[in-house]
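K.L.:
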Amino acid sequence: MRLSLCLLTILVVCCYEANGQTLAGQVCQALQDVTITFLLNPEEELKRELEEFDAPPEAVEANLKVKRCINKIMYGDRLSMGTSLVFIMLKCDVKYGYK
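Mind the numbering: the sequence shown is residues -20 to -1, 1 to 79 in mature numbering (1 follows the signal peptide of the UniProt record, and there is no 0), read in order.
Following this line, the structure appears as structure tokens:
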């Protein structure tokens, strides 16, 4: 499954430690929000979140193109992926909080 590479990359960023400080507190909250939105929420919500980062329109459109492919996966399977990702982040001691 190609999506597994994306999930592994996310986990590396979320669980990486440098100089005794977890980067999760600095980087991962936004990454977690976008990832959950990417997997589960509507395309319009992802677009709003990406625009908060002042991303170039081409980058936003590229992400939306991938999102359209992700949306072809059955929602139950996407929910399972999101649930697995949350459990792994908890195992890595990444705190998750909804907005």
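Cβ coordinates follow ideal geometry from the N, Cα and C atoms, glycine included.
Below 6 Å CB to CB, which residues in the same chain sit around R48 once its five sequence neighbours on both sides are set aside?
P.N.:
Excluding sequence neighbours, R48 sits near nothing in its chain.
K.L.:
How would you write the range of the alpha helix (DSSP H) that P37 sits in, first residue to last?
P.N.:
Counting along the chain, the alpha helix (DSSP H) containing P37 begins and ends at P37 to I50.
K.L.:
Nearest-angstrom Cα distance between E25 and I16?
P.N.:
Roughly 11 Å separates the two Cα atoms.
K.L.:
Hey, how far is the Cα of I53 from the Cα of V46?
P.N.:
Straight-line Cα distance between these residues: approximately 12 Å.
K.L.:
Under the rule that 16 or more other beta-carbon atoms within 10 Å means buried, what is L59, buried or exposed?
P.N.:
By the neighbour-count rule (16 or more Cβ atoms within 10 Å), L59 is not buried but exposed.
K.L.:
Restricting to Cα atoms, I'd like to know which of L11, A10, F18 and Q9 is closest to M61.
P.N.:
Selected option, being the one with the closest Cα: F18.
K.L.:
If you drop the 5 nearest sequence neighbours on each side, which residues of the same chain put their C-beta closer than 7 Å to that of K27?
P.N.:
Only V40 and L44 meet the Cβ criterion.
K.L.:
Just to confirm, is the Cβ distance from E38 to V14 under 8 Å?
P.N.:
No. Outside cutoff.
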